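Each residue of the sequence shown is one higher than the one before, starting from 1 at the first, in full-length UniProt numbering. Here's the structure, in structure tokens; my notes come after.
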Amino acid sequence: SALIIGGSVALVVLIIVSALLVITMIRRRSAQSPTPTIVVTVDESSVQRKPSVANTQASFYSTSTRKVDPFEVERSCIAVDLQRPLGQGAFGSVFMGNLSRQSPSDWNGVVAVKMLKASKNANQDEFYREIRTMKAIGYHERIANILACVTSSLPSILVLEYCANGDLLSYLRKRLHYMLENSGRGSVDPRFMITQRQQLTFAEQVAQGLEFLSSRGFVHRDLAARNILVDGAETCKIADFGLCREIGKGPEHYQSKGGRLPIKWMSPEAIEYSQFSTASDVWSYGVVLFEILTLGGSPYPRWHVSEVLGRLKSGERMRRPECCTDQMFTLMQHCWLQQPGMRPTFKDIRRFLTQQMNQPMADSYFAIVNGQADYYIVTTTSDLY
1 SALIIGGSVA LVVLIIVSAL LVITMIRRRS AQSPTPTIVV TVDESSVQRK PSVANTQASF
61 YSTSTRKVDP FEVERSCIAV DLQRPLGQGA FGSVFMGNLS RQSPSDWNGV VAVKMLKASK
121 NANQDEFYRE IRTMKAIGYH ERIANILACV TSSLPSILVL EYCANGDLLS YLRKRLHYML
181 ENSGRGSVDP RFMITQRQQL TFAEQVAQGL EFLSSRGFVH RDLAARNILV DGAETCKIAD
241 FGLCREIGKG PEHYQSKGGR LPIKWMSPEA IEYSQFSTAS DVWSYGVVLF EILTLGGSPY
301 PRWHVSEVLG RLKSGERMRR PECCTDQMFT LMQHCWLQQP GMRPTFKDIR RFLTQQMNQP
361 MADSYFAIVN GQADYYIVTT TSDLY
């Protein structure tokens, strides 16, 4: 009897020990087996990660959610024709180029390529700012839009829409000279003549672009006919966004870092206090109207740049140019009101010009242009800056 009881106890103990060994082995194998891989879909791409590695997980997830810049392209996608310069700046140049079909842009073909020198300097930061600004502004048909860029290596490149007719100021002055030379002749080339309706069209197109720019919360700050481009279809596009800033994303009081300022295109508050706003852009637009209506005349003729602010503060303004209607001169005067808050908005300006376009108008050429007008006489660069 004692042997039976002892044998039973030993059997029970053996069973319990065996069960514990099995459980321990299962747990060890479970701990040693790899954690199942989890597939996470981020921005339409799948990545595999192990949640047991916290640091790797955070880093991988951050990389996966980073958006790809649709404008950044390989340098090989851009062919630059260094023999065909389109413009020259203080620290860079613009050349004609070609954007290959391998680029992500919908625009393939002839483009304008803005390049900086390969050396790293302060101008690089300003160039990067211009590129970021153009991306943030977005697309509009009245803007010389960004198509692509290269910022990952030097020299940095900005690819823009190509405008075959160059800047508006040169466009207007070429036609002015042609009209003066061919005044009174019976046969002229209509491509080099400008009508009143064309002038209104240019003014309306520029206003459309600036209305969009202001609606996006940006101030151009360097608006002038020289910074407006004319494409192959003779459509105006606002360009040169190097000084453009977003309202509310920094101080609206901009302190110049040196260099010449386009004083004769600036509002009194911009000249005196470096205060830039949509209202100061409206003032500059009034000067652009003057340039359009005079076919490239120089603003404030015979005013030295040093006396512009004082004369403006005393209430002086430019006289009404020839070939300017009462309605258009009234618009110019409203753009030049002393108080910024009293000036019209670009929406107001665009609506007014649309109404003017709908009025009956003789679409005839300017038969006579007074080439002796004082706004065509510029003796030195001090007359401009």
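We put the CB at the ideal spot given by N, CA and C, even for glycine. Because the structure is a prediction, the values reported are computed rather than measured.
query: Entirely within the region 97-183 and at least 3 residues each: give me those beta strand (DSSP E) ranges in chain order.; result: 109-116, 146-150, 157-161
query: State yes or no: is the C-beta of Pro268 within less than 9 Å of the C-beta of Leu309?; result: yes
query: Compare the Cα-Cα distances from Arg221 to each of Asn98, Phe241, Arg191 and report the closest residue.; result: Phe241
query: Please work out which residues of its chain come closer than 6 Å, Cβ to Cβ, to Glu161, disregarding the five sequence neighbours upstream and downstream, and give them in chain order.; result: Ala144, Asn145
query: On a Cα-Cα basis, can you pick out the residue from Tyr376, Leu331, Ile247 that is closest to Ala203?; result: Leu331
query: Expressed to the nearest angstrom, what Euclidean distance is found between the alpha-carbon atoms of Arg84 and Asp125?; result: 26 Å
query: Give me the Cα-Cα distance between Arg317 and Arg311, rounded to the nearest whole angstrom.; result: 8 Å
query: For Glu322, does the three-state DSSP call read helix, strand or coil?; result: coil
query: Just verifying my parser: in three-state terms, what is the DSSP assignment at Gln275?; result: strand
query: Confirm, please, whether the CB-CB distance from Arg75 to Arg157 is below 9 Å.; result: With the sequence shown as reference, residue 157 is identified as Ile, and Arg is not the correct amino acid for it. Cβ atoms of Ile157 and Arg75: closer than 9 Å.
query: With C-beta atoms as the reference, is Ile238 less than 9 Å away from Leu213?; result: yes
query: To the nearest angstrom, how far is it from the Cα of Asp69 to the Cα of Phe95?; result: 24 Å
query: Does DSSP classify Glu234 as helix, strand or coil?; result: coil
query: Does the beta-carbon distance from Asp167 to Ala225 come in below 9 Å?; result: yes
query: What does Pro85 pair with, by DSSP beta-bridge criteria?; result: Phe95
query: Classify Tyr139: buried if its beta carbon has 16 or more other beta carbons within 10 angstroms, exposed otherwise.; result: exposed
query: Do residue 389 and Cys236 have their C-beta atoms within less than 9 Å of each other?; result: Within the shown structure, residues of the chain are numbered from 1 to 385, placing residue 389 beyond reach of any answer.
query: Counting pairs of beta carbons, one from the region 322-339 and one from the region 288-299, are three or more of them closer than 8 Å?; result: yes
query: In angstroms with no decimal places, state the Cα-to-Cα distance between Gly232 and Glu141.; result: 13 Å
query: Find the nearest neighbour of Leu154 within the set Ser306, Gly92, Ile349, judged by alpha-carbon distance.; result: Gly92
query: If contacts are defined as beta-carbon pairs under 8 Å, then Val73 and Val150 qualify, I think. What distance do you get, rounded to the angstrom?; result: 7 Å
query: Quick one: what does DSSP say Glu291 is sitting in, helix, strand or coil?; result: helix
query: Between Pro299, Val305, Phe352, Val110, which has its C-alpha nearest Asp374's C-alpha?; result: Pro299
query: Going by DSSP, what residue range makes up the alpha helix (DSSP H) through Phe192?; result: Segment: none, Phe192 is in no alpha helix (DSSP H) and carries neither H nor E.
query: Thinking C-beta only, is Gly109 closer than 9 Å to Ile78?; result: no
query: Does DSSP put residue 386 in a helix, a strand or coil?; result: What is shown of the chain runs 1 to 385, which leaves residue 386 out entirely.
query: Pull up the distance between the alpha-carbon of Ala279 and that of Cys163, whole angstroms please.; result: 28 Å
query: For a quick check, are the C-beta atoms of Gln339 and Gly315 less than 9 Å apart?; result: no
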